[in-house]
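Heads up: the protein sequence lines correspond to chains V and B, in order. So the working numbering is basically just the index in the first sequence, starting at one, shifted up by 49. So the working numbering is basically just the index in the second sequence, starting at one, shifted up by 957. Built from N, CA and C at the ideal position, the CB exists for glycine as well. Here the structure is a predicted model, which is why all the values come from computation and not from measurement.
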Amino acid sequence: MPAGLLGIEELDRAEIDAILARAKQFQPVQDQSQKKLDTLRGKMIVNLFFEASTRTRTSFEIAAKRLGADAISIAASGSSVSKGESLVDTLNTLAAMRPNAIVMRHSASGAPHFLARHLAMPIINAGDGTHEHPTQALLDARTILDRRPSLEGLRVAIIGDIAHSRVARSNVYLLSKFGARIVLCGPASLLPRELARMAPGVTLTNDIREAIQDADVIMMLRVQLERQHEAAFPAAEYFQFYGLRLEHLALANPDVIVMHPGPINRGRELSSEVADSQRSVILNQVENGVAVRMAVLERVIG
Amino acid sequence: MSQLLIKNGRVIDPASGTDMLADVLTQDGVIAAAGANLEAAGAEVLDATGLIVAPGFIDMHVHLREPGFEHAETIETGARAAAAGGFTSICCMPNTLPVNDNATVTSYIIERARKLAITNVFPIGAITKNSAGEELSAIGSMKAAGVVAISDDGRPVMSARVMRRAMEFARSFNLPVIDHCEDLNLSAGGDMHEGYESVRLGLRGIPASSEDVMVARDILLAQVTGARFHVAHISTRNSIAMVAYAKQRGLPVTCEVTPHHFALTDAQMLPYDSNFKMKPPLRTAGDIAALLDGIVAGAVDVIATDHAPHPGSEKMQEFEKCPFGIIGFETALGLSLEHLVHTGKIPLTRLIAILTTGPAGVLHLNRGTLAVGAPADITIFSTDMQWTYDVNQSLSKSRNSPFDGHTFRGGPVATIVNGAIVWRRE
């Protein structure tokens, strides 16, 4: 039984390097007029999304199809889950139809890890609660490496709602494994101090200017209002203190790149000018999402 | 006339300071004699050579789920599992359906237990009606019907004013008030201890401060009211320090620790495995060190299991959806020996005391001693026997234990309630 992909924490550098190298080989496919390979012909992938998602679900679906696999996407609202079936029973039912892998997004942290213990089927984590989003970190690394020779020594600022961000966690694990220096930044109520112990090379600050100083990469996070169960900060002044504006970029390295996992809220976590600036690589991230997910699918079920 | 003669055991009775090789004779449900070379023609004989003979253990914090949640446990199955853990008396929390907040429910539980339970069962009544935290329940009539304490356990009284009134009222009936100390506003939505592990796993945290602020509040209210206040399943270093301080000041404050809270840290939980999910949550190594120090120093009065059965279907879910709690009867003695006695932290006599005279003292029960004339509740156990816990063989109806497969050194061998052998290790 091939392993699925649950998180970045448990991957080593060689595995990550292999995925990123393979993703690079898949990049030109995206520009060909004939985009379909037959690497995974005859294979079946089920995309099971218990949380609303357009970009990740579409990206996985396109990745599967470009590899020649069949892909089915199921949204939880239309599934038996809404009829009261337990998660384990739903997954067992789908597994009985013998797909080759299940790509899963769920609002509960650890849901895919829990299922992986009870299911003889590779599970690819497409985001679990506030825990990990491994393919996002991989596509972010691919995007950085398209512009930099290495991650080693890069100064990466990750800014926003770190506490509730699976993107931040996966990126911290990945970047740290490759020797990047990571500055996590947000208001104290969204930046638990324990984050500093997550991985080597992580520092914390509540000051966006300090975070951006000399940064090579700025990753802005979406303000996840749906994951906050209380007002952890006064929403009205978030942009004033933690929103990224053009004037901030002068503090960073001249060739800094600005990233965002999307969907972006213009005027909340970054200004429109920044989102549309030359420094923004947000659409490159989306593009790389397909290539990276092709590499992941191939690795898991190829 | 029924007699039971327990031969050649090491008899340890903390109540009288006894620790000697001796025989114990029971007659018609009470202790008749303890001494060397007892003879009793026609008595049933139990050979306890190489074993410890102790007063029956008392578990003052358990959930039997009946009435209302019989799919998880019943008074009958819970008592059987308790006996297999060496417990002869168990005190059941009121969070049943209906809640034990009046004498009718209390009497129902006592009647069911009389018919079906192989151990003694002492109910604990609710502090407030339906444990809703607003209106005081029928505390006086529940006391008359047989409750030994009051508690709203997992739905702790949030209003300090209501808690103050409850303490005052309980004092007039000489009942202890047990509080599951948790500020629900601070802990809201939390699934595990708030700290490095919760941040790493992306799970919402239950801060230690949510326990500490309530322990502080209740100690101050106990001082104001003069009520006997008992902290359920204490788990943090600050809370232990506050209880020790209250005792030093001479306040009638006591506390209990569960075996799982000194046996496991939050870092030892299997990620997203709900058999490690309970309230209070597993804390840090620093908290465990403080609990152990508290046990050694005497700040801890009682070991209680907080036996909390849940059926597999409820525990086989996303971590955040699973209910809190684990079963605990059958592993309690093994864990206590492992972490407290075999490590040399406390002598065996002290362990037996916090399983017997400790809870008997908190609840004013006429049990927990081998004195002549006392009810013949006796626990016979080994401190050396190797055995492995197989949760699928548990006598509980539920299987939610993090200790499945754990090998123990020492455990219960036979359990005697009111002079009758109700359980023996096969």
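Annotation: the continuous alpha helix (DSSP H) that includes Q1180/B extends over 1165-1182.
DSSP places R1324/B in the coil class of the three-state scheme, outside both helix and strand.
Within the region 1141-1163 of chain B, the residues whose Cβ lies closer than 9 Å to any Cβ of chain V are, in chain order, A1145, G1146, D1148, E1151, G1152, Y1153, E1154, S1155, V1156, R1157, L1158, G1159, L1160, R1161, G1162.
In terms of beta-carbon proximity, M1273/B lines the interface with chain V, with at least one pair separated by less than 7 Å. Within its own chain, the residues whose Cβ lies closer than 7 Å to the Cβ of F75/V, once the five positions on either side in sequence are excluded, are A340, M343, A344, listed in chain order. One alpha carbon belongs to N314/V, the other to F282/V, and they sit about 17 Å apart. Of the candidates L223/V, V205/V, E243/V, G209/V, V205/V places its Cα closest to the Cα of V266/V.
Around the beta-carbon of Q185/V, 16 or more other beta-carbon atoms lie within 10 Å, marking it buried. Q81/V sits exposed, since fewer than 16 C-beta atoms from the chains shown fall within 10 Å of its C-beta. Residue W1344/B holds the alpha-carbon nearest to the alpha-carbon of T1364/B among W1344/B, L1294/B, A1060/B, C1279/B. Residue pairing by DSSP puts G1082/B in a beta bridge opposite I1107/B. Taking a beta-carbon distance threshold of 7 Å, P1228/B counts as an interface residue toward chain V. Annotation for P1332/B: no beta strand (DSSP E) segment contains it, and DSSP assigns it neither H nor E. In the assembly as shown, P198/V is an exposed residue. Its beta-carbon has fewer than 16 other beta-carbons within 10 Å.
Distances from the CA of I1047/B to each of E1033/B, N1077/B, K1236/B, R1071/B were compared; the closest alpha carbon is that of N1077/B. Under the three-pair Cβ rule at 8 Å, the region 293-307 of chain V does not count as touching the region 231-244 of chain V. Taking 7 Å as the threshold, the shortest C-beta distance from L136/V to chain B falls below it. Neighbours of R62/V in chain B, taken as residues whose beta carbon is under 9 Å from its own, are absent, since the nearest beta carbon is some 20 Å off.
Within the region 1346-1375 of chain B, contact with chain V at the beta-carbon level (separation under 7 Å) is assigned to no residue. Here Q334/V is buried. Its C-beta has 16 or more other C-beta atoms within 10 Å.
Only those residues of the region 1275-1303 of chain B whose C-beta falls short of 8 Å from the nearest C-beta of chain V are listed: E1275, F1276, E1277, K1278.
Note on geometry: alpha-carbon atoms of A1089/B and V1188/B lie some 19 Å from one another.
With the criterion set as a beta carbon lying under 7 Å from some beta carbon of chain B, the region 303-315 of chain V has no members that meet it. The Cβ neighbour count for R1118/B, taken over all protein chains shown within 10 Å, is under 16; the residue is labelled exposed. Residue nearest to V987/B within the set L995/B, P1012/B, A998/B is P1012/B (criterion: CA-CA distance). Note that the region 1237-1252 of chain B does not touch the region 999-1009 of chain B; fewer than 3 beta-carbon pairs, one per stretch, sit closer than 8 Å. From the beta-carbon of A157/V, the residues of chain B found nearer than 8 Å are E1275, F1276, E1277, K1278. Residue range 215-226 is occupied by the alpha helix (DSSP H) that includes L223/V. With a beta-carbon spacing of about 5 Å, V1374/B and T1045/B fall inside the 8 Å limit used to define contacts.
In the DSSP assignment, F1014/B falls within the unbroken beta strand (DSSP E) covering 1014-1019. Here R1366/B is bridged, per DSSP, to Q1343/B. Inter-residue distance for L332/V and A169/V is about 36 Å (C-alpha atoms, whole angstroms).
Secondary structure at N1087/B: helix, using DSSP grouped into helix, strand and coil.
Residue contact check for E59/V against chain B: no CB pair falls below 7 Å.
For T103/V, no CB of chain B lies under 7 Å from its own CB, so it is not counted at the interface with that chain.
According to DSSP, residue pairing for L1093/B in a beta bridge involves T1085/B.
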